[in-house]
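Student:
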Amino acid sequence: MTALLTASDLTRSFRAGRKRMFRPAPRFNAVDGVDIEVARGETLAIVGESGCGKSTLGTLLLGLAEPSAGRVLFDGQPVRGRGGDAWRRMRRRIQVIFQDTNGSLDPRLPIFAQVREPLDIHRIGARAERDARTRAILGAVGLGPHLWQHVPGELSGGQQQRVVIARAAILEPEMIVCDEPVSALDVSIQAQVLRLLRQLQRDMGLTMVFISHDLAVVRHVADRVAVMYLGRIVETGSAERVFQAPQHPYTQALLAAVPVPDPARRTARVLATGEPPSPMNPPPGCRFHPRCPHAVPRCRSEVPALRPIAGRETACHVAGALDAEITRIAAE
Amino acid sequence: MAPVLAAQGLSVAISTRDGRTVTPVRNISLALDAGETLAIVGESGCGKTMTCLALSGLLPRRAQVTATSLTLAGEDLATLDRRRAREVRRQRLAVVFQDATNGLNPVKSVGWQVAEAVRLRAGGSRAAASAEAQRLIGRVGLPDPARIMRAYPHQLSGGMNQRAMIALAVAGNPDVLVADEATTALDVTVQAQILTLIAELQREVGMGVVFVTHDLGIVAQIADRVAVMYAGRIVESGPVGEIFAAPRHPYTAGLIASLPRIDRRERDLSVIEGQVPPIDAMPDGCAFAPRCQRAADDCRRTSPPLARLGGVHAACLHPLREMA
Amino acid sequence: MTIAAAPAPSRPLTHRLGLGGLRRVPAVVLIAFAVLALALVVTLFAQFMMPYDYDAMNLRARLTPPLPWEGSNPAHPLGTDKLGRDVLSRLLIATQTSIALALLGTIIGAVLGTVLGFLAAHFRGIVDEVISALVDFQAAMPYFIIALAVLAFMGNSIVVFLFLMAIYGWEKYARITRGLVLSAREEGYARAQHALGAGPLRTYGIHILPNIVSPLIVQLTVNFPDTILFETSLSFLGLGVRPPLTSLGQMLGDGRDYLVTAWWLAVVPGLTIFLVTLAMSIVGDFLRTHLDPSLQD
Amino acid sequence: MSVRFVIVKLLRAILTIWLVVTFVFFVLRLSGDPVAQLLPDDVDKQTVQFYRELWGLDQPVGVQYLRYIEALLQGDLGISFRNNLDAFQLVMERVPKTALLGGTALLFALGFGIPLGIYAALHRDTAIDRAIMSVAVFGFSLPNFFLGIMLILIFSLQLRWLPSSGSGTWWHLLMPAVTLGTGFGAQIARYARSAMIDVTNRAYMRTAEAKGAGQTRKLYVHALPNAAIPIVTITGMKIGELLGWAVVTETVFAWPGIGRLLTSAVAMRDLAVVQCIMLILAVTMVSANFIVDLAYGWLDPRVRAQRQGER
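Quick note, the sequences are listed as chains S, H, A and P, same order. Numbering of the first sequence is given in our numbering, commencing with residue 1062 and proceeding in unit increments. Numbering of the second sequence is given in our numbering, commencing with residue 184 and proceeding in unit increments. Numbering of the third sequence is given in our numbering, commencing with residue 198 and proceeding in unit increments. Numbering of the fourth sequence is given in our numbering, commencing with residue 179 and proceeding in unit increments.
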C-alpha cells in the first residue's frame, strides 16, 4: 500500500495573546510535530476533543495554511503548489467538506450554481456539459430538481450538507478532507449523510480524512484512527485495534466516557479527571499527565514519543508496561 | 406514591409575528417520581425543549401553555394564578440549560449568582447564603471554591460554568431538576463527569430529574424511563430497558438502528429516509407516516393515540411486534 | 430560546432577493417613499419646474406671505423674500442643490469607505493597521467643527465642501466592509471558495461583494439624512453653500433674520429639510428590518 | 487597572490631540493671509508688514509650526489677532457657558432617552413601543437649527413666554438645552431600546427567571447592568456630534459660548483663537472617551480582566 498523502513533523503555531512592546508575542503550537500517512482508498479519522488541533491539522493537510514547520506531500508533490496553476491543479485533486455548512455556502446564490461553480473555476467542459454534470451529481446526492434553484437558507441542515458534498465531489477529487461533516445533524439525518459519504467513497475510489469528535461515528467510518490531545497524536493505528483495546490512557478515558446506547451495559466511566488545559499553556512532559490516573514522575518531565505497542503506535511512557502488567496478571 | 411532577394533556401554542399559530407541543402527558430520571429524547424541532420550558414556566407570554393538569409536589399549577405558580416552581423546581457560559450573567461573579439562587429559594441572610454558595461550589467539584466565588463566567471553562449552573440549580434542594441538553456543548470526557455529578446529587437530594437530550447513548446510560418525542407528540414511552430492547414504534426502532455505535462496528447503518415535516405543515394523521415503511392508509387519516402495548406506551396503528 | 427552526418553505423570488413582504408596506413608509420620489424629481428637474428664475427680483412684491395668509398673492404660492424673489422657485433650486450635494457626498464617501475596508481586510497587516487607525481617528475627533474651520478658511469652494462631505461618514462604510469581508474570509464561504481553487477576484466579485451590498445600502440610507444635516447646518452657519448659489440650509439661515416679519422664509426650507430627513429615516428603518435583520444597532 | 493600560490610553490621547492640532494648524496657514482679512483695505504695506512680523506670519510655515508647538508645550496659546487678548483666557471665559448648555442637554437627553428606550423595549411591539419609537424618529430627523427656530417662533415671538436669545437666567437656558438635547435623546432612546431587547433575549435572563427572580429584580439587578455597557459606549461616541450641534444651537440662540466665539473667530480669521478652541474641543473629546473607558472597566468585568493582563 502506497501512501497518497504524507505529512512529516507538521507544526503550526499561533500567536497567543497580544503583542507587547519590546517583547515578541508568545506563541503556542496548535499542531505540534505531527506525522501522518494516508494510503490511497482508505479512511483515516482524526479524533480528539475541542482545542486538540484536529481542525488546524485538517487545513494543513489540505494545504490551505502554511505550516510553521514540516511539510505535506500529496502523491509526491507539495500540497501547497507553487504558483496559481500548480495550486489550482492540486485543488482538483483534494477537496474539503467544512464543519459549518451554512457558513461555507454563499447565502445568496441558488444551490445549482454553487455546485456547478468548481467546474466554472477550473474551466472544465462547455456550459452544457457543466450543467449536465451538475444535474448528475445533485441527483447522486439525493437533491431533487425542485430544490435546485433554492438558496441555502431555504434548505434543511441535512440538505445543505448534501450540497456541500456535491460541490466537493463534482471535481472528482482523489481525496476529501471532512471536518466534522455530521456533527450538526440529527441522528436520522446523520445516518443518511454517512451512508451518502460511504457510497461516494466506494463509487469514486476516494481517500478520506475524517475529522470528528464523535467516537461512535468515527468507529463507523474509519479504517485507521489518529487520536489527538493538545496538538499531538497520542495514539494511532487500525480502528479495530484502537477501539477494541486502547493503549494510551487518554484514548481509554475517551472511549470509556462515550455513553453506549444500551441500558444493559451502563459502562460510562470517568477515567480522566479535570478538563483539558488551554492549548496556549500546555503542561510539560506528557501533555496528558495532569489528568492521567497512571502518571509516574517521568511523565512530568519527558515527552513520550510514538512507539509501537500491541500493533499500533502509542505515545505513552507507561502504556507498554501496563500492557505487560495486565498480560502478566492474566497469565498468573 | 404520587409522582412529584405530572402533566396531563400539556400543549404549547405560539402565535408567530405574522399572525399564525403553531403548536410545537401537542397533548403530551408525563409523570416523574421522586428520585427517578425521566429522559425526553427526540431530534431537533420535536418539541422537547418547548416541553421542558413549559414544565419550568419559562416560556414567553405569547406562548400559551394549556394542560388538563400540571402538578408539582402536590400542587396543581394549572389551577393556580401566575404568581403563585411561580412561587411553587421557585421552591420546588430547578433548571439547567445547555449553554452554561451564556446562561450565567457576565457582569456578576459566580459566587454572587449562586448565592442569589440560595436566597431566592431558601431565604436567609446574605452571609449565610454566601457560605452555602461556597459549600455548593465545592460540592459540584469546582477546585478552590473561595477563588471561584469571586470569578466571573468568562474566566471559567464551559465545563466549570456548567458545574456552577448545577450548583445554582441544586441550591435549596429542589424536588425536580430539569436538564435541557445539559451536556451537549461539552467534550465527552467532561460530559461523563457532569453526568456522574448529576447522578450523585440526585441520590443525595432525592430529586427527580427530567433529562432532555437528543443523545440516545446518554438516555441508555442514565434514564429510568424514556419518552420519545416526534413532531410535538410523545410517540413512545416506557422503562428504558424495554424501549431499547424492544421498541414498538417504528420511529424509535429506526432511531436506535440508525445510531453509529462505539461498542461494535456495523458495516451499514439503517436509515430513516426523509425529514421531519415543518411545524406549520404537519400532515393529517400520524406525523411519522411520510417516513414510515409500515405506514398504511389509515395512518394518513387518523392520528394514533398513545396506547398501552406490553410494558410500554406507543402511539402507532401498526406497532412492531415484541422481539425475542 | 429556540422556537422550532423548521426548514423554510420555498418562497417566491422577491423573498430570495431580500425584498420579502414588500406587499405589506405600511402606509407611513409608502408616504415616505413618495416624499423621496418627489425630492428626486425636484433634484432632477428643478429647472423646468420653477415658475420664476430663482434669482429674479421683484422689489415691488417683497415679503409676500404664502397662500392662505392675508396679503398673499396666488402668483407666489409660497410667498416672496426680502428682495421679492419667489420662495417656491428658490425652494426647488435649494432642494436640488442640497440633495445633489448630499447624494454625491454620500456616494463618494461610501465608495471610498468600501474600497478602504476591502483593502484593509484583504491585505491585513500594516495596511489594515493604518486604515483602522484612520477609522479610529475619524471617529475620535469633532469632525463637524473641523469641517467648519476648514470651510471658513478655505473659502467659498464647492469642491472643498463636497470633499468634506465625502470624508464625513466614510469610516462607517470602511468598518462595515472590513468586518463583513473578514468574517466571510475567516470562517465562511470565502474560505470554501479558496479551497475550491478560486482566485481572490472571483471570490470578491461573485461572492463577497453581492453579499455585503445590502448592509451597505442600509448604511447608505442611515447615513444620508446625516449628510443632509451636515450640509444644511454648515450652510445655515453661512459656511457651506453661499450666494448666489442657494441650498436649504442657506435659505433657512437667511430667513432667520426675518423671523419677526416673515416667518415663512425660515419655516418653508426648515420644514422641507425635516420632511426629507424624516422620510429617509423612515425608509432607512424599513429597509434595515427587511433587508438586513442582522444589522441592528 | 494596570499602569500599562493608562499609559497606552494616554499616549493615544496625546496622539489624537496632536493630530487634530497639527491638521488645523496647516489648514489655517494654507488658506491665505489673515492679515489682509483683518486690516482695512486701504492700509499701507508697512503696516501690513508690521503685523505680519508681530504675529510671526512672515516666517516659513515649518518654522511657524515649530514655534507654535514650542509655545503650546509652554502653555502659551497665542494672542487673539482681533483684540490682543490672551487667546486661552478669551476661550476659557466662554467654556462655562458651553459646558452648562452641553451638560444640561446631555442630562436632558439621557434622562428622557434611557427610560423611554427601556420602557419601549419592555413593552416591545405594543402601541406604546411604537408611539415612543415614532417620536424618536421625529426627534432625530428634526434638524436642531429648525427646532430652535420653531421654538423661538412659538415661545418667544407668539406666546412671549421665553427669551429668544442670550443667557443669564434659567429661562434663557431652557430652549437651547431642549433644542440641543432632543435629537441626542431620540438617538439614545433607540440605542437603549435595542440594547435592552438584546439583553432580554440572552440566556442569563432565562436563568434569572428560572431562579424565580421577580420582574423588578430581573430588570434592575440582571438586565440593566448589562444594557448599560452599549448605552455608555454610544453616549461616548456621540459626544463629538453633540459638540458640533452645540455650535449650531449657540448660533441660533445667540448663546455666548465657545461655539459663538468659534463662528465669529473663523469669520475674522483669528488664528490663535480658532486653534485654541480646536485644542480645547479635542481635549474634551479625548477626556470623554477616557471617561467612557473607565466606565467600561467598572461596568464590565471582562474588560477589567483584560486590562489586568489576564487571559
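All C-beta atoms in this analysis are idealised placements derived from N, C-alpha and C, irrespective of residue type, glycine included. Quick caveat, the model's predicted, so the values are computed rather than measured.
What's the C-alpha gap between Thr1104(S) and Thr262(H)?
Tutor: Taking the straight line joining both Cα atoms gives about 59 Å.
Student: In chain H, what lies closer than 9 Å to Arg302(P) by C-beta?
Tutor: The premise fails here: Arg302(P) is roughly 10 Å from chain H at the closest Cβ pair, so nothing lies under 9 Å.
Student: Drop a sphere of 10 angstroms on the beta-carbon of Ser258(P), count the other beta-carbons inside from all chains shown, and report buried for 16 or more, exposed for fewer.
Tutor: buried
Student: Which of the three DSSP states, helix, strand or coil, is assigned to Leu475(A)?
Tutor: helix
Student: What would DSSP say about Met1269(S), mapped onto helix, strand or coil?
Tutor: strand
Student: Using the beta-carbon of each residue, which ones in chain H are nearer than 9 Å to Gly475(P)?
Tutor: Within chain H, no residue comes near Gly475(P); the closest Cβ sits about 12 Å away, beyond 9 Å.
Student: If we count Cβ pairs, one from each stretch, closer than 8 Å, do we get three or more for the stretch 366–386 of chain A versus the stretch 232–241 of chain P?
Tutor: With a cut-off of 8 Å, the stretch 232–241 of chain P and the stretch 366–386 of chain A do not count as touching, because too few Cβ pairs lie within range.
Student: Once DSSP output is grouped into helix, strand and coil, what is the label at Thr284(H)?
Tutor: helix
Student: Between which two residues does the alpha helix (DSSP H) carrying His319(A) extend?
Tutor: Judged by DSSP secondary structure, His319(A) falls within the alpha helix (DSSP H) whose first and last residues are Val284 to Phe320.
Student: Give me, in chain order, the residues of the same chain whose beta-carbon lies closer than 7 Å to that of Arg474(H); leave out the 5 immediate sequence neighbours on both sides.
Tutor: Ile455, Glu456 and Gly457
Student: Return the first residue and the last residue of the alpha helix (DSSP H) that Met465(H) is part of.
Tutor: Segment: none, Met465(H) is in no alpha helix (DSSP H) and carries neither H nor E.
Student: Answer yes or no: do Val373(H) and Leu1315(S) have a C-beta to C-beta separation smaller than 8 Å?
Tutor: no
Student: Note down, in chain order, all residues in the stretch 316–340 of chain A with a beta-carbon under 8 Å from any beta-carbon belonging to chain P.
Tutor: Phe334, Ala336, Ala337, Met338, Pro339 and Tyr340
Student: Under 8 Å, do Asp407(H) and Gln281(H) count as touching if we go by C-beta distance?
Tutor: no
Student: Taking Cβ positions only, does Pro1139(S) come closer than 8 Å to chain H?
Tutor: no
Student: Closer than 8 Å, CB to CB, is Gln338(H) near chain P or not?
Tutor: yes
Student: Is the shortest distance between the beta-carbon of Ser514(H) and the beta-carbons of chain S less than 8 Å?
Tutor: Absent from the model: residue 514(H). The displayed extent of chain H is 184 to 507, so no value can be given.
Student: Return yes when the Cβ of Tyr251(A) is within less than 8 Å of the Cβ of Gly1164(S), no when it is not.
Tutor: no
Student: Taking only runs that begin and end inside the stretch 269–316 of chain H, name each unbroken alpha helix (DSSP H) of 4 or more residues, in chain order.
Tutor: 283–286 and 293–305
Student: Does the stretch 1193–1202 of chain S come close enough to the stretch 1153–1163 of chain S to have 3 or more Cβ pairs within less than 8 Å?
Tutor: no
Student: Can you tell me the Cβ-Cβ gap for Val1092(S) and Arg1073(S), rounded? I've got them flagged as a contact below 8 Å.
Tutor: Right, their Cβ atoms sit about 4 Å apart.
Student: Which residues in the same chain have their Cβ closer than 6 Å to the Cβ of Gly218(A), if we skip the five residues on either side of it in sequence?
Tutor: Low confidence applies to Gly218(A): its pLDDT is 48, below 50, so where it sits in the model is not reliable enough to give any reading.
Student: Give the interface partners of Pro434(P) over in chain H, defined as CB-CB distance under 9 Å, in chain order.
Tutor: The premise fails here: Pro434(P) is roughly 43 Å from chain H at the closest Cβ pair, so nothing lies under 9 Å.
Student: Can Val452(P) and Val464(P) be called in contact, C-beta distance under 8 Å?
Tutor: No, these two residues do not count as a Cβ contact at 8 Å.
Student: Enumerated in chain order, which unbroken segments of the alpha helix (DSSP H) with a length of 4 residues or greater are wholly contained in the stretch 1111–1151 of chain S?
Tutor: 1115–1123
Student: Here's the rule: buried if 16 or more other CB atoms are within 10 angstroms of the residue's CB, otherwise exposed. What is Val186(P)?
Tutor: Exposed is the label assigned to Val186(P), since fewer than 16 other Cβ atoms lie within 10 Å of its Cβ.
Student: Please state whether DSSP places Cys454(P) in a helix, a strand or coil.
Tutor: helix
Student: Interface residues of chain A around Arg447(P) at Cβ under 9 Å?
Tutor: Ala349 and Phe350
Student: Rounded to whole angstroms, what is the Cα-Cα separation between Ile304(A) and Lys416(P)?
Tutor: 23 Å
Student: At which residues does the beta strand (DSSP E) containing Phe1089(S) begin and terminate?
Tutor: Arg1088 to Ala1100
Student: Would you check if the distance between the CB atom of Ala349(A) and the CB atom of Leu436(A) is smaller than 8 Å?
Tutor: yes
Student: With 9 Å as the C-beta to C-beta threshold (strictly closer), list the residues of the stretch 1321–1349 of chain S near chain B in chain order.
Tutor: Of the protein chains in the structure, S, H, A and P, none is chain B.
Student: Taking all protein chains shown into account, do 16 or more other C-beta atoms lie within 10 angstroms of the C-beta of Trp367(A), making it buried, or fewer, making it exposed?
Tutor: buried
Student: How big is the Cα-Cα spacing for Gly394(A) and Trp1148(S)?
Tutor: 7 Å
Student: If the cut is a Cβ gap below 7 Å, which residues of chain A does Ala405(P) touch?
Tutor: Chain A residues near Ala405(P): none, gap ~13 Å exceeds 7 Å.
Student: Let me know if Glu1363(S) comes out buried or exposed under the rule of 16 or more other beta-carbons within 10 Å of its beta-carbon.
Tutor: exposed
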